[in-house]
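A.B. asks:
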Amino acid sequence: MAEAVLAIRDLCKSFGALRATENVSIDLVPGEIHALIGPNGAGKSTLIHQIAGTLKPDSGEIEFLGKPVSHIGAAERARMGLGRSFQVSSLAPEFSALRNVMLAVQSRQGTSFRFFKPVMRDAALVEPAMEALERAGLKDRARVPAAELSHGERRQLEIAIALALGSRAFLLDEPMAGMGPEGSKTLTSFLDGLRREAPILLVEHDMDAVFALADRISVLVYGRVIATGTVEEIRSDPEVRRAYLGGAE
Ligand SMILES: Nc1ncnc2c1ncn2[C@@H]1O[C@H](COP(=O)(O)OP(=O)(O)OP(=O)(O)O)[C@@H](O)[C@H]1O
Numbered sequence: 001m002a003e004a005v006l007a008i009r010d011l012c013k014s015f016g017a018l019r020a021t022e023n024v025s026i027d028l029v030p031g032e033i034h035a036l037i038g039p040n041g042a043g044k045s046t047l048i049h050q051i052a053g054t055l056k057p058d059s060g061e062i063e064f065l066g067k068p069v070s071h072i073g074a075a076e077r078a079r080m081g082l083g084r085s086f087q088v089s090s091l092a093p094e095f096s097a098l099r100n101v102m103l104a105v106q107s108r109q110g111t112s113f114r115f116f117k118p119v120m121r122d123a124a125l126v127e128p129a130m131e132a133l134e135r136a137g138l139k140d141r142a143r144v145p146a147a148e149l150s151h152g153e154r155r156q157l158e159i160a161i162a163l164a165l166g167s168r169a170f171l172l173d174e175p176m177a178g179m180g181p182e183g184s185k186t187l188t189s190f191l192d193g194l195r196r197e198a199p200i201l202l203v204e205h206d207m208d209a210v211f212a213l214a215d216r217i218s219v220l221v222y223g224r225v226i227a228t229g230t231v232e233e234i235r236s237d238p239e240v241r242r243a244y245l246g247g248a249e
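For the sequence shown, the UniProt record's numbering begins at 1 and goes up steadily by one.
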């Protein structure tokens with residue numbers, strides 16, 4: 001298997017007596033969607049927080065792009081290209097999709113344009129912002145205020161921002177939440193293509209989306225990974241069926 005973009009080894013996190021993450025080891029290889037599923041309270045969000053750097057593990061290692069990152073903060077991990085999306089929306093609703101992405105490009109370029117006049121600065125931001133919108137399938141909606149975009153388009157916009165920030169891997173926490181059947185279908189096909197941009201660690205309760213998208217699935221129950229495998233392996237695993245999938249077919 002290709003070298004992991006993201007490698008998590010023996011991660012542990014307890015809240016008092018509760019073991020929210022217990023010796024979790026999973027990885028993310030180039031081009032894949034690795035879904036993380038499990039019942040409510042299994043520890044999925046706790047794990048994503050630790051990977052993103054917003055929660056400190058008790059022990060274990062996290063490597064991103066071959067470098068240990070356990071000791072560095074969330075902002076630094078984001079700068080390295082670990083893109084987290086969907087739980088906290090960072091969109092400015094009154095600004096156009098384009099302006100939202102331009103702000104991200106600007107934050108990435110830092111102060112290198114501060115000596116330029118605003119209009120020239122804008123020109124230097126438009127091109128990379130439009131490119132990110134195109135990669136996220138939103139080029140035609142560039143001038144539309146974020147508030148007027150559909151639910152699914154706002155998620156695409158968040159992805160465009162992550163792409164503009166140079167994401168090398170995506171941590172997506174329940175992207176299908178709040179979507180109707182049509183929106184879920186559109187977003188599923190969008191995410192299907194997104195894996196070519198960067199691999200995705202996908203936390204999702206929508207099993208149709210998970211089974212349609214995942215190259216591999218890890219099942220988390222009471223903080224432990226009870227199985228990792230392909231869709232077929234996971235669907236036919238007796239322990240997984242007992243603990244989580246039940247009669248879902
Ligand atoms: N800050 C905290 N302090 C104490 N307990 C916590 C804290 N955060 C999470 N927990 C507990 O850790 C366990 C795992 O929670 P977590 O939110 O990670 O689960 P989850 O799999 O994401 O659930 P859901 O699918 O409902 O979002 C739960 O029992 C939860 O109550």
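All residues carry an ideal CB built from backbone N, CA and C; glycine is no exception.
Report buried or exposed for residue 188, applying the criterion of at least 16 other Cβ atoms within 10 angstroms of its Cβ.
C.D. replies: Result: buried.
A.B. asks: For a test of your reading of the model: does the CB of residue 202 fall under 8 Å from any non-hydrogen atom of ligand 1? Yes or no.
C.D. replies: Outside the cutoff, so no.
A.B. asks: Taking the DSSP output, what are the residues bridged to residue 27?
C.D. replies: Partner(s): 7.
A.B. asks: So residue 6 and residue 28 are supposed to be a Cβ contact under 8 Å. How far apart are they, rounded?
C.D. replies: Sure, about 4 Å apart at Cβ, within 8 Å.
A.B. asks: Flag this pair as yes or no: are the beta carbons of residue 93 and residue 145 separated by less than 9 Å?
C.D. replies: In this structure, residue 145 lies closer than 9 Å to residue 93 by Cβ.
A.B. asks: Work out the CA separation of residue 8 and residue 16 for me, nearest whole Å.
C.D. replies: Approximately 23 Å between the Cα atoms of the pair.
A.B. asks: Which same chain residues end up closer than 6 Å to residue 87 when comparing Cβ atoms and leaving out the 5 residues on each side of it in sequence?
C.D. replies: With a pLDDT of 47 at residue 87, under the threshold of 50, the predicted position of this residue should be treated as unreliable, though the coordinate-derived value follows. Within the same chain, residue 87 has close Cβ partners 173.
A.B. asks: Please return the same chain residues whose Cβ sits closer than 7 Å to the Cβ of residue 151, not counting the five positions on each side in sequence.
C.D. replies: For residue 151, where only same-chain residues beyond five positions count, the Cβ hits under 7 Å are 178, 179, 183.
A.B. asks: Whole angstroms is fine: what's the gap from residue 12's alpha carbon to residue 43's?
C.D. replies: Each residue's Cα considered, the two are about 11 Å apart.
A.B. asks: Since residue 171 and residue 197 should fall inside the 8 Å C-beta cutoff, what is the C-beta to C-beta distance between them, to a whole number of angstroms?
C.D. replies: About 14 Å separates the two Cβ atoms, so there is no contact after all.
A.B. asks: Let me check understanding here. Comparing Cα to Cα, which of 78, 158, 67, 74 lies closest to residue 101?
C.D. replies: Minimum Cα distance to residue 101 is reached at 158.
A.B. asks: Give the straight-line distance between the Cα atoms of residue 257 and residue 225, rounded to the nearest whole angstrom.
C.D. replies: Coverage of the chain is limited to positions 1 through 249, which leaves residue 257 absent and any answer about it impossible.
A.B. asks: Please classify residue 248: does DSSP put it in a helix, a strand, or coil?
C.D. replies: Because residue 248 sits at a pLDDT of 48, beneath the cut-off of 50, its placement in the model cannot be relied upon, and the point is left open.
A.B. asks: Just curious, the beta strand (DSSP E) that residue 216 is in, first and last residue?
C.D. replies: Taken as a continuous stretch (DSSP letters only), the beta strand (DSSP E) holding residue 216 covers 216-221.
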